[in-house]
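J.: Numbering (the working numbering), first residue to last: 66 to 759. The beta-carbon is built from N, C-alpha and C at its ideal position, and this holds for glycine as well. Below you'll find the structure I mean.
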Amino acid sequence: MESGRIRAPRTAHRARTAPRTGTPRGARVAVLAAAALLATVVPSAQAVAATAPRIDLTVLVVDDGGSAVEAITAELKGSGVPYRRIDLDDPNRPVLDAAFLSDTVDGRPRAKYQGVVLPHESAFGPDSSEQTALQAYERTFGIPQVDAYTWSHPGVGLDYTDQGGYSGVLDGATAGVTAAGKAGPFRYLAGSLTFEDNDPAIAESYGYAGRPRAGYTSYVDIPVDGGRASLVGEYAADGRRELVVTFAYNQYQRQFRSLARGIVEWLTQGVHLGQSRNYLSVHVDDVFAPDARWDATLNCTPGDFDCVGDDGEGVNPIRMTVADAQYAAAWQKASGFTLDMVYNGGQGEQWKTEHGGTDPLTDRLVADRAQYRWINHTYTHPFLGCVQDNTVVPWQCAKDTAGNTLWVSRSELSAQIRDNHNWAVGKGISVDRGELVTGEHSGLKTLPQQPVDNPHLAGALADNGVKWTASDNSREPQQRAVGAAKTVPRHPMNVYYNVGTAAEMTDEYNWIYTARADGGSGICESNPASTCLPAPLDTATGYADRIVPQEARTALSHVLGNDPRPHYVHQSNLAEERLLYPVLDRVLADYRALFAANTPLVNPAQRDVGTELSRRTAWDQALAAGKVTAYRIGGTVTVKAPAGVTAPVTAPEGTRKRLLLGSAVFGSPYAGTRSAWTAPELLQSTVTLTLPTA
């Protein structure tokens, strides 16, 4: 769906300072780099006491309502990092003083927050008691501070912009990650990132790039007049460390999303609750089945209830060919990416019967079955919710004479699931019984006609051992239970199921996204969540020039947002002009240009996505209830969560987990750190990690 642009504010807050990673320049062995990073966590020399302090793994966020703090808060929340938010505009907010920030537990000094996020470096006023208390706290316990958005000036270790720097619009600018950035908090980036420029008519990003002064280490910079000027860097002064960010942003912009992980790693010194991955899975629905075709004259899809015309599947359906299947297999191998084939075995059998008893497409896909993942999409793809009354437009749920809704039966639901699974097993296809995608996500509630699930759905899922059933993320973005099973929300991609060519795709896109005066449906005029195109797209060029980059940008935003939800398309998008591949090629190319080899795309199965979402929900609930305790004392991290709740933890390379006897390497490597969902070992009540030392 076309959406309005979000522009970052152009006015700068007052200046902010930035903390710094203690990683030396140049390439280092990962463990040594991690140890050097951790060395900066130790309190400053003048503050070291005989007893090492306890530092709680919680972040303090001071919020002024601006988009920069909002963006960092969203990153903390989305990755499961606990934080406490202080609203500067709340007259009843707590006052930041020594008692608010620290105390003593069991005779040991305790820092209540491992890092501080401020809107800018002097959010409480440069001479205020709160600012003084905060700086003393940071100095005493070695706590870093992020200045979410400030301007270039000596107070944050930078020259003014008129001294060899730059201030202005950054749209389309290419920034570089410095050697210090790649050795430190941004070691997961390939080396450069380009600021988005989605609309030349709108200024989307504004910033202040300054030349570093003494005590400042630049992490991200841009070329200015033959030199380099910094946009992100660390400023160390007066026994304190601040991460200085001097460009405006919001949580949706690619430049922030690319840097967000590093900001959190710097803020927490690479030791924190929560974890983040870059996920991408693509489900190809209706495999073996034909899909109906858009009619550019009728401006609808024949065969649909609201379209007057012949059955589109009978007249000119869209279905993959053997050549399309061969291309899919070759593309997967070349791209290093696996598609999920969401199949309807009965539809393939029906096609075979209607076409002389042979089906080369099915033969080819079955021969290549080991190259794909497979998901049950029901045998013949019927609607599995209420019995539909198609005599009215839009359709309604049919009712009996007493006014009760008529439902597709449990036996029919179960047969559709069972028969499709058995068909695949009979073909030698490896398919997970626990995964399901119903046709059109039917059986689940479908607003407005069907406001509740088919009451027989949960039982049919249990009959067949289904644990994870797909839902439409545009309708139900949150996972929920369906009996003993749970939903796995999927992102619909804006590559339509009913088109085989770029011209068809663009024609339907124009119908949806142009005003009535321009020959469109006018839907964009009446839908507050949409905007209209200024003019219809050229059907010869609109797909490649407008739709592909926009859809690739949307998909990549999900990838960079730690969102494991799969995307879904249809087999028609692999047929004829193969419209899906330009989008995926763009996503993969953009991703690989941004990230280093240590940060590969994660391509999870549906079961893995469901498990990840379930763990996140349990974790978020435990945090909200205040039932998680986590802290670091010197080189030891202790995490305690409620029984049955696994904790997401991120730590440096070289970290080990304490076992009942001995220890083991902790977690799995990703983006230059190690992380895992973890729980206490047998006969243990807490998770205990030992951090690497220099």
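With 16 other CB atoms within 10 Å as the buried threshold, where does E307 fall?
T.: The residue is buried, with at least 16 neighbouring Cβ atoms inside 10 Å.
J.: By DSSP, does G241 sit in helix, in strand, or in coil?
T.: When secondary structure is reduced to three states using DSSP, G241 falls in the strand class.
J.: Output the distance between the C-alpha atoms of V431 and C451, rounded to the nearest integer angstrom.
T.: 33 Å
J.: Which full runs of the beta strand (DSSP E) of 3+ residues lie inside the region 514-599, going along the chain?
T.: For the beta strand (DSSP E) assignment, the uninterrupted runs of no fewer than 3 residues enclosed by the region 514-599 are, from N- to C-terminal side, 533-537, 550-557.
J.: Three or more C-beta pairs under 8 Å: does that hold for the region 155-162 against the region 209-218?
T.: no
J.: Using the three-state DSSP reduction, which class does K142 fall into: helix, strand or coil?
T.: helix
J.: Quick check on this structure: which residue in V704, A695, E641 has the alpha carbon closest to the alpha carbon of A390?
T.: E641
J.: Going by CA-CA distance only, name the one from S495, A393, F260, D236 that's closest to A268.
T.: D236
J.: Determine the extent of the beta strand (DSSP E) in which R305 is found, giving its start and end residues.
T.: 305-310
J.: For a test of the three-state rule: what should DSSP assign to N441, helix, strand or coil?
T.: strand
J.: Which residues share a DSSP beta bridge with Y633?
T.: H348, P557
J.: In terms of alpha-carbon separation, which member of L625, R173, Y225 lies closest to I120?
T.: R173
J.: Considering D428, what are the terminal residues of the alpha helix (DSSP H) in which it resides?
T.: 425-432
J.: Using DSSP with H/G/I as helix, E/B as strand and the rest coil, what is E67?
T.: Caution is warranted here: a pLDDT of 39 is assigned to E67, below 50, making its placement in the model unreliable, and the coordinate value is therefore given only provisionally. In this structure, E67 counts as coil in the three-state DSSP scheme.
J.: Starting from V387, follow its DSSP beta bridges and name the residues at the other end.
T.: BP columns for V387 are empty, so no partner.
J.: Any idea which residues DSSP pairs S728 with across the strands?
T.: S728 is bridged to R723.
J.: Note the first and the last residue of the continuous alpha helix (DSSP H) segment covering Q671.
T.: 671-689
J.: How would you call H420, buried or exposed, if buried means at least 16 neighbouring beta carbons within 10 angstroms?
T.: exposed
J.: Cutting at 8 Å between CB atoms, please list the residues of its own chain near L748, excluding the five before and the five after it.
T.: L725, listed in sequence order.
J.: Closest to W460 by CA distance: which of Q514, I494, D171 is it?
T.: Q514
J.: Taking its Cβ as the centre, do 16 or more other Cβ atoms sit within 10 Å of G565, making it buried, or is it exposed?
T.: buried
J.: DSSP state of A741, grouped into three classes?
T.: If DSSP states are grouped into helix, strand and coil, A741 belongs with the strands.
J.: Using 8 Å for Cβ pairs, my map puts V693 next to P647. What's the rounded Cβ distance?
T.: The beta-carbon separation of V693 and P647, rounded to 45 Å, does not stay under the 8 Å limit for a contact.
J.: With three or more beta-carbon pairs closer than 8 Å as the criterion, would you say the region 332-348 touches the region 379-387?
T.: Here the region 332-348 does not lie against the region 379-387, with fewer than 3 beta-carbon pairs under 8 Å apart.
J.: Could you check the C-alpha separation between V126 and A136 for me, to the nearest Å?
T.: Computed Cα separation, rounded: 11 Å.
J.: I need the straight-line Cα distance from R739 to V407, nearest angstrom please.
T.: 33 Å
J.: Quick one: Cα of E203 to Cα of T197, how far?
T.: 10 Å
J.: Identify every residue that forms a DSSP beta bridge with Y281.
T.: Y300
J.: Please classify A98: does DSSP put it in a helix, a strand, or coil?
T.: With a pLDDT of 44 at A98, under the threshold of 50, the predicted position of this residue should be treated as unreliable, though the coordinate-derived value follows. When secondary structure is reduced to three states using DSSP, A98 falls in the helix class.
J.: Residues in the same chain with beta-carbon distance under 8 Å from F448, minus the five sequence neighbours each way, listed in chain order, please.
T.: V473, G504, E505, S507
J.: Does the separation of the CB atoms of W533 and Q671 fall below 7 Å?
T.: In contact: W533 and Q671 (Cβ atoms closer than 7 Å).
J.: Tell me the DSSP secondary structure of A274 in three-state form.
T.: strand
J.: Quick test of the definition: if touching needs 3 or more C-beta pairs under 8 Å, does the region 676-696 touch the region 294-304?
T.: no
J.: Determine the DSSP secondary structure at K247, reduced to helix, strand or coil.
T.: helix
J.: Roughly how many angstroms separate the alpha carbons of L688 and N157, rounded to a whole number?
T.: 23 Å
J.: In this structure, does DSSP put S750 in helix, strand or coil?
T.: coil
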